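Student: Handing you a structure now.
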């Protein structure tokens, strides 16, 4: 038993070291890419200034100069957008690694605590296999990566491909019909803005920056509003006793818990109304998500031998019970909706 625990601790610390090296490399890449973004932004400002001059003194420029300028301007803007997107992706990866580092640290601390507890005390505790915890965490991470990759393929990647095609159409019109080219470019600009907003919403779902800047409650208000509008679900957020901010890992985990619960509602419940209830006092925090959807047989789902039907529940349990050391329960009746509740100790 002790040998297994020591081997597991070594494996976890080795993984910590690998993540630490990756974070160091990412820090350097972010600084390098941010410097490039700053340079390209300066060039973009210069291009914008020249474009304003061209629009005011249009007759002073040759047609070929105008065409070359707009081609160059488009290249600069595309380059700036790509570099900014790369920086955002790197920053998102940094945050994912930080969360993995926090999770590993909690597991290591848990194992260290176990090593100093008497054997008689351990025998009276509920059995929690650290290997199973790690497997559940890895499985949840892979599931989330698959979801992100599918969303990237069906969303921003597809939209970017369409933008390239429309840009090529604009380029063809420049040589034959200037008025039509202007019309197509205006339409292209609108399409780019739409893709930019969709990408920002995707980034918000992935890792809301407001969670760090403003805290849990403003982030949940915005997320639940946008989620409800997107999926045609009326969502009411009710909060009591959370006047101050929580520690960072609490806010992240509670947000992920609510996010996963809402995703489960959207995927399975066919609900029209959802209530999110957050209640806190000096000793505990309770998070409840209630819907009026189809409901399901809880015992049958939890006992599914394939595990495919309870992946969402496993993710919720991991966040509430493993990461915040609380308790989670589910109440559901077919045709009468579902209630998911987590109670975690106050920080």
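Numbering (the numbering used here), first residue to last: 1341 to 1687.
The beta carbon of each residue, even a glycine, is placed where N, CA and C say it ideally should be.
Given the structure is predicted, the values throughout are model-derived calculations rather than measurements.
#1: Can you tell which of 1582, 1569, 1651 and 1349 has its C-alpha closest to the C-alpha of residue 1612?
#2: I'd like to know if the segment 1670–1686 and the segment 1619–1631 are in contact, where contact means that at least 3 CB-CB pairs between them fall below 8 angstroms.
#3: Whether or not the segment 1590–1601 and the segment 1652–1663 are in contact is what I'm after, with contact meaning three or more pairs of Cβ atoms, one per stretch, closer than 8 angstroms; do they touch?
#4: Please classify residue 1622 as buried or exposed, where buried requires at least 16 neighbouring CB atoms within 10 angstroms.
#5: Compute the distance between the beta-carbons of residue 1674 and residue 1633, then report whether it is under 7 angstroms.
#6: With distance defined between alpha-carbon atoms, name the residue in 1587, 1442 and 1571 nearest to residue 1608.
#7: Note down the Cα distance separating residue 1377 from residue 1385, rounded to an integer number of angstroms.
#8: Is the segment 1424–1442 touching the segment 1359–1367 in the sense that three or more CB pairs, one from each, lie closer than 8 angstroms?
#9: Apply the 10 Å Cβ neighbour rule to residue 1537 and answer buried if 16 or more other Cβ atoms are within range, or exposed otherwise.
#10: Can you tell me where the alpha helix (DSSP H) holding residue 1602 begins and where it ends?
#11: From 1582, 1577 and 1590, pick the residue whose C-alpha is nearest to that of residue 1614; which is it?
#12: Per DSSP, which one or two residues make a beta bridge with residue 1576?
#13: Residue 1501 and residue 1535: beta carbons closer than 7 angstroms?
#14: For residue 1554 and residue 1579, which I take to be in contact (beta-carbon distance under 8 angstroms), what is that distance rounded to the nearest angstrom?
#15: Report buried or exposed for residue 1412, applying the criterion of at least 16 other Cβ atoms within 10 angstroms of its Cβ.
#16: What number of angstroms, rounded off, separates the C-alpha of residue 1566 from the C-alpha of residue 1556?
#17: Could you check how far apart the C-beta atoms of residue 1420 and residue 1388 are, in whole angstroms? I think they sit under 8 angstroms.
Tutor: Result, derived from the coordinates:
#1: Mapped onto the chain shown, residue 1612 falls at position 272. That would be 1569, whose Cα lies nearest to the Cα of residue 1612.
#2: Short answer: they touch.
#3: Note that the segment 1652–1663 touches the segment 1590–1601; at least 3 beta-carbon pairs, one per stretch, sit closer than 8 angstroms.
#4: Position 282 of the chain shown, counted from the first residue, corresponds to residue 1622. Result: exposed.
#5: As a first step, residue 1674 is located in the chain shown; it is residue number 334 there, counting from the start. As a first step, residue 1633 is located in the chain shown; it is residue number 293 there, counting from the start. Not in contact: residue 1674 and residue 1633 (Cβ atoms no closer than 7 angstroms).
#6: Position 268 of the chain shown, counted from the first residue, corresponds to residue 1608. Ranking 1587, 1442 and 1571 by CA distance to the CA of residue 1608 puts 1571 first.
#7: Residue numbering aside, residue 1377 sits at position 37 when the chain shown is read from its first letter. Residue numbering aside, residue 1385 sits at position 45 when the chain shown is read from its first letter. Answer to the nearest angstrom: the Cα atoms are 12 angstroms apart.
#8: yes
#9: Working through the chain shown from its first residue, we reach residue 1537 at position 197. The residue in question, residue 1537, is exposed, as its Cβ has fewer than 16 Cβ neighbours within 10 Å.
#10: As a first step, residue 1602 must be located in the chain shown, where it is residue number 262. Here the alpha helix (DSSP H) through residue 1602 covers 1588–1604.
#11: Working through the chain shown from its first residue, we reach residue 1614 at position 274. When only C-alpha atoms are compared, the closest one is 1577.
#12: Against the chain shown, residue 1576 aligns to sequence position 236. Bridge partners of residue 1576: 1615.
#13: The residue given as residue 1501 occupies position 161 in the chain shown. The residue given as residue 1535 occupies position 195 in the chain shown. Not in contact: residue 1501 and residue 1535 (Cβ atoms no closer than 7 angstroms).
#14: What you label residue 1554 is simply residue 214 of the chain shown in a count that begins at 1. What you label residue 1579 is simply residue 239 of the chain shown in a count that begins at 1. Residue 1554 to residue 1579, Cβ: 14 angstroms. No contact.
#15: Here residue 1412 refers to the residue found at position 72 of the chain shown. When all chains shown are included, residue 1412 counts as exposed.
#16: Position 226 of the chain shown, counting from 1, holds the residue named residue 1566. Position 216 of the chain shown, counting from 1, holds the residue named residue 1556. If you take the alpha carbons of residue 1566 and residue 1556, they lie about 15 angstroms apart.
#17: Reading the chain shown from its first residue, position 80 is the one you call residue 1420. Reading the chain shown from its first residue, position 48 is the one you call residue 1388. Contact between residue 1420 and residue 1388 is absent: CB atoms are separated by about 11 angstroms, not below the 8 angstroms threshold.
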